[in-house]
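**Q**
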Amino acid sequence: MINAQKPTIVLAMIDTIDGNAKYLSEIDGYTGDGDHGNNMKKGFLIARSAIGENDSLRDAMMTLAMVLIDDIGGSMGPIYGTFFRKLAKPLRKDSVDEYDILEGLEAALAAICDLAGAQVGDKTLVDTLSPAVQQLREATIDGLNFESSMNALKSGAREGWESTKNLQAKLGRAARLGERSIGYYDAGATSCFLLIETLVEQALLESGT
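Residue numbers (the working numbering): 3 to 211.
(1) Let me know the alpha helix (DSSP H) ranges lying completely inside the region 80–147, each 4 residues or longer, listed in chain order.
(2) Give the range of the alpha helix (DSSP H) segment to which Y186 is assigned.
(3) Does DSSP put I4 in a helix, in a strand, or in coil?
(4) Here's the rule: buried if 16 or more other CB atoms are within 10 angstroms of the residue's CB, otherwise exposed. What is Y101?
(5) Tell me which residues share the same chain as K125 and place their Cβ nearer than 6 Å to its Cβ, disregarding the 5 neighbours each side in the sequence.
(6) What number of angstroms, rounded off, separates the C-alpha of E140 from the C-alpha of K88?
(7) Between the region 132–152 and the region 172–186, do at least 3 Cβ pairs fall closer than 8 Å?
(8) How should D144 be labelled, buried or exposed, when 16 other C-beta atoms within 10 angstroms of its C-beta is the threshold for buried?
(9) Look at P92 and L59 and say whether their C-beta atoms are less than 8 Å apart.
(10) Which one of L173, G34, N40 has the shortest CA to CA distance from N22?
(11) Short of 6 Å in beta carbon distance, which residues of its chain neighbour M15, apart from the five on each side in sequence? Order them along the chain.
(12) With a CB to CB cut of under 6 Å and the five nearest residues on each side skipped, what residues in its chain are close to E105?
(13) Could you tell me whether the region 44–56 touches the region 64–77, where touching means 3 or more Cβ pairs closer than 8 Å?
(14) Between the Cα of D96 and the Cα atoms of G158, A6, G31, V128, which residue gives the shortest distance?
(15) Please state whether DSSP places A171 in a helix, a strand or coil.
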């Protein structure tokens, strides 16, 4: 369980995108426009300037969501804006646990699949998010504690992200490459993994586990 009265998890996510922007754009350059990292960095840094040090986790996440929708071009702004808006919705309490995070991620996954028309195997961030949600869900069903549940979330995200290297893209600009898109990680799947990894690591740090 973590304190939801401060924005530190969101600020850590912003730092992650800021620090990995070049890497994300490099990955995107193999199959796309090569601007994923730069666009994400732009939106996340705008959000950082709008987030107050006394904002709650939910308020900070909603600020990030709205900035991404309004200020990032292309498809990723609405997609990640939707991701954070849905993830934030259950985080209304003073403290949140693995069940609250699961509820938010399940809603985010459903909304993104609907918005983007994506499914597992299309070489998108859904390939990271879906197994992450599945493993977190299984952990909660099994009654695992917060630390184990969060580690399951990260493990599922990593497995999903790594799977994209051997997938052929079926959506977006990368789909035009056909079989030539195989052999590269998807940029959106990569940024999604980095964000989930940061969420988990910061949550565990704040929970004292």
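Every residue, glycine too, gets a C-beta built ideally from N, C-alpha and C.
**A** Here's the rundown:
(1) 100–118, 128–143
(2) It is not in any alpha helix (DSSP H) - Y186 carries neither H nor E in the DSSP assignment.
(3) strand
(4) exposed
(5) T166, L169, A171, D188
(6) 20 Å
(7) no
(8) exposed
(9) no
(10) N40
(11) L197, T200
(12) P92
(13) yes
(14) A6
(15) coil
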